[in-house]
Amino acid sequence: MILDHVKKQVKFKIVYYGPALSGKTTNVLKIAENRGEELLSFNTRTERTLVFDMTKEEREVKGFKATFIIYTIPGQDIYSEIRKMVMRGADGVVYVVDSAQDRLQENKRFLEMLSDDLKLYGKDISEIPIVFQYNKRDLENAIPLEELNREVNIINRPFTEAIAIKNKGVEETLNLIINEIIAYFGKLFR
Amino acid sequence: MISGSIASSQDLIEVLSTIPINKRGYLSILSKTTFLALKVENGRIKGFYTNYDISSSKNPLSLLIFVISEMLYEAEGYFSLEDNTAVENFIEIDVDVESVVIQATILRKEIEEVIPYIITTNVRLSSETNPEYDGKLFGEILANSDDPIEELRKLKDLFERGALWVKEIKRAGNVEEIGFDYILDAVDASRINVTKLIEGLKRVNFSGYVEIGEGDNLIYLFFKEGKVFAVSPIEPKVFDALLGPIGSASVSIVRLKEEFVETFAQIYVGRPSIASEDKYLSLGKLFITLISHKEEAVLKVVHGKEHYVFIFKEGRILSAKRTNKWVENFKVTFPIPNFVFLYRNIYSNNVGYAFYLFLLNKLKNILVRWNLTEELNALYKAIAHIPFLYIKENDISVTRALTKKEEKQLVDLFVEISDRAVERLGKEEFEREMELELSPYREVLRVLDFSEELSREYLREDNPS
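Protein sequence lines, in the order shown, are assigned to chains R and D.
Residues in the first sequence are numbered consecutively from 0, following numbering that gives the first Met the number 0.
Residues in the second sequence are numbered consecutively from 0, following numbering that gives the first Met the number 0.
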């Protein structure tokens, strides 16, 4: 969060987190496309790390003008330093879950990594706003919702279902995390 | 002002991606020998300057990303954020800090993957199939590319296919050496004829120093192009030590680059403008200030038995470290200091006043021998009045390295007292007495040849300073 008391502005950082190729990049690409705007893209080996500065979309939090900047992390282990760097100052996390059967263990492993990455910056996974997005719901072998909630969403946070490639559930997820962030930080601004 | 030290790549990333957010000013970072100054404004980089020696870049952003990626390798140094800077020639740019750091980190990560092919990033490449890379430096290729990460991937592919290889390994442009070369290393002094040694070094236009002694009792003779320009310590015993070996003394001869010998000699014969315990100053701030201002200076840092020397010249750093002997400190490791000495006005020539101090002591011997009480009292009175003179173990000594003005004071004192001695003894007797005093040193003084020093400007009547 970057707070400017003089200008009464606050900028929140949202990070799309999750295993490699779970659809984080697709989500952010769609968000930018939906607004007809460009985003910053840094190519890691098999996927891109994206940054989308949503300066045009403003909300109000306790008299402050709130804007949002969205980041994706690189899912590959070799870029762990970049992942940790991107997580610095994260105000909210969209945890993009790959619904494919064979990726359950990886989804679970990345949640542990998220917890560790947050701890690096003194944050607790049980406190920070997090939304789970179960992506690729159109897969034939998609894990049932109940199982994902039981196995992956062990911290019992709000969730959405999505087919990001078809732009389904993308905006709903974004709105949900924005509302979670505003609600969480609204309490601090009291 | 915010400042601190950097002990790892993670520290450097923290500094780069947190400090510029919501702040405006100049972020200066020194890691090893690489200096980077960033003009930052609310999370954006508006300009940068680096001392990283790389040919001009078509794409400043690629240059910046490459330099940061280089700094991320074993990062160690200091940073400061200030409102103003002495750094000039900023390259204008307007980019988001975090995006630059992300790209530099990706680049560093992927450079490490090609290291098995290139060993170091300071290499010139060769290719028969890709003439655009043939004969080019690895860093230059990346720093001049449109996208250094994409360019690196192309290079990696060529390395893997054997279409690109290393032609030569180069020393990085911003890494220089003081040139320590131990010609003789702690050789038993009884095997050395010192006067012949000095003559030999003069003959070959030697630049460097000779170290004679044992333990903490070491004397140094500094040479530049075959001429002795400084001795250490400035005590009459230096000349005695040159007469012959003392106890189990040893001799070392160390060659240095001619351009750095006077600068290096500062730490032995110079007058520090700062001499402090580390707790009273910030070493990091000192480093960044000296580089930003492109000052010529020498920094000596003492940490236990280790001595470090850092030579600053035109925004570059050279460094050496001594435990038993001096070795180049190419990677520039920064010590945790106990004591810090900064020498700014490089003035190393002390053989003139060292010789007059020697003569003054010989004059004192004559006054004592002839029982010239009045003149002796005048001498002691002058010593009591002149702050830098004192008596140590019956010898007249100096408390510190002298300024040119102080040198003149010393020479004036010698001239005044010797004139009075001549008046009492007569010129002939005085000369005979002085001849007697100097006779054991005749050979040493002949080879040292101070004739030039004895005719220096401060001896002339028409030159008051």
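Glycine included, C-beta positions come from ideal geometry on N, C-alpha and C.
Short Cβ contact (9 Å threshold) for residue i with residue j
i, j, result
"R107 of chain D", "S231 of chain D", "no"
"D52 of chain D", "K226 of chain D", "no"
"L375 of chain D", "L366 of chain D", "yes"
"V66 of chain D", "L35 of chain D", "yes"
"D394 of chain D", "N349 of chain D", "no"
"Y94 of chain R", "Q132 of chain R", "yes"
"P143 of chain R", "D90 of chain R", "no"
"A353 of chain D", "V209 of chain D", "no"
"I310 of chain D", "F259 of chain D", "yes"
"G24 of chain D", "E91 of chain D", "no"
"G76 of chain D", "F329 of chain D", "no"
"E127 of chain D", "A74 of chain D", "no"
"F338 of chain D", "E434 of chain D", "no"
"E69 of chain D", "T33 of chain D", "yes"
"S347 of chain D", "F179 of chain D", "no"
"I30 of chain R", "E126 of chain R", "no"
"F78 of chain D", "G314 of chain D", "no"
"L424 of chain D", "E432 of chain D", "yes"
"R58 of chain R", "I154 of chain R", "no"
"V94 of chain D", "L124 of chain D", "no"
"I44 of chain D", "Q102 of chain D", "no"
"V130 of chain R", "R149 of chain R", "no"
"F116 of chain D", "V165 of chain D", "Sequence check: residue 116 of chain D is Tyr here, not Phe. The answer is yes: Cβ separation under 9 Å."
Partners in chain D for residue i, counting only beta-carbon separations shorter than 8 Å
i, result
"I198 of chain R", "Residue 198 of chain R cannot be examined here, being either before or after the span of chain R that is shown, 0 to 189."
"T24 of chain R", "Those within 8 Å of T24 of chain R in chain D number zero; the least Cβ separation is about 14 Å."
Cβ-based burial, residue i [other Cβ within 10 Å; buried from 16]
i, result
"I233 of chain D", "buried"
"K38 of chain D", "buried"
"E261 of chain D", "buried"
"N204 of chain D", "exposed"
"M86 of chain R", "buried"
"P439 of chain D", "exposed"
"Y16 of chain R", "buried"
"Q408 of chain D", "buried"
"Y48 of chain D", "buried"
"N370 of chain D", "exposed"
"A471 of chain D", "Any property of residue 471 of chain D remains undetermined from this structure, which presents chain D solely from 0 to 464."
"P463 of chain D", "Low local confidence applies: a pLDDT of 39 at P463 of chain D is under 50, so the model's placement there is unreliable, with the coordinate-based value given in what follows. It counts as exposed."
"Q265 of chain D", "buried"
"E146 of chain R", "exposed"
"E460 of chain D", "Since pLDDT at E460 of chain D reaches only 46, below the 50 mark, its modelled position is unreliable, and no value is offered."
"N134 of chain R", "buried"
"P73 of chain R", "buried"
Neighbour list for residue i in chain R, Cβ cutoff strictly below 8 Å
i, result
"S16 of chain D", "M84 and R87"
"K108 of chain D", "I77, Y78, E80 and I81"
"I468 of chain D", "No answer is possible for residue 468 of chain D: it lies beyond the span of chain D, which begins at 0 and ends at 464."
"I53 of chain D", "Those within 8 Å of I53 of chain D in chain R number zero; the least Cβ separation is about 22 Å."
Secondary structure of residue i, DSSP reduced to three states
i, result
"G303 of chain D", "coil"
"Y78 of chain R", "helix"
"R399 of chain D", "coil"
"A6 of chain D", "coil"
"F205 of chain D", "coil"
"E313 of chain D", "coil"
"F340 of chain D", "strand"
"E295 of chain D", "coil"
"R229 of chain R", "Since the displayed chain R opens at 0 and closes at 189, residue 229 of chain R lies outside it and no answer follows."
"E430 of chain D", "helix"
"T43 of chain R", "coil"
"S464 of chain D", "Its pLDDT being 36, under 50, S464 of chain D is placed unreliably in this model, and the value from its coordinates should be taken loosely. In the structure shown, S464 of chain D sits in coil (DSSP, three-state: anything other than H, G, I, E or B)."
"R459 of chain D", "Residue placement at R459 of chain D cannot be trusted, given a pLDDT of 47 that sits under 50; what the coordinates show is reported in the next sentence. Coil at R459 of chain D, not helix or strand."
"F333 of chain D", "coil"
Chain R contact residues for residue i, given Cβ-Cβ distances below 7 Å
i, result
"Q102 of chain D", "F41"
"I197 of chain D", "Within chain R, no residue comes near I197 of chain D; the closest Cβ sits about 57 Å away, beyond 7 Å."
"S148 of chain D", "The identity of residue 148 of chain D in the sequence shown is Ile, whereas the question assumes Ser. Chain R residues near I148 of chain D: N42."
"I114 of chain D", "Going along chain R, no residue has its Cβ under 7 Å from I114 of chain D, so there is no contact; the nearest lies around 14 Å."
Contact set between residue i and chain D, taken where Cβ atoms lie within less than 9 Å
i, result
"V50 of chain R", "D95, E97, S98 and I101"
Proximal residues of chain R, C-beta to C-beta of residue i below 9 Å
i, result
"I252 of chain D", "Within chain R, no residue comes near I252 of chain D; the closest Cβ sits about 48 Å away, beyond 9 Å."
Starting from the N-terminal side, write out each stretch of the beta strand (DSSP E) that is 3 residues or longer and does not extend beyond the segment 217-258 of chain D.
-> 226-231 and 249-254
Within the segment 344-389 of chain D, note down every full alpha helix (DSSP H) run reaching 4 residues or more, in order along the chain.
-> 350-368 and 372-384
Taking the runs of the alpha helix (DSSP H) that are 4 residues or longer, which of them lie wholly in the segment 127-176 of chain D?
-> 137-142 and 147-160
Every unbroken alpha helix (DSSP H) inside the segment 145-172 of chain R [4 residues or more] | none
Curious, which full-length beta strand (DSSP E) runs of at least 3 residues does the segment 2-30 of chain R contain?
-> 8-16
Hey, which unbroken runs of the beta strand (DSSP E) at 3 residues or more fall wholly within the segment 54-111 of chain R?
-> 63-71 and 91-97
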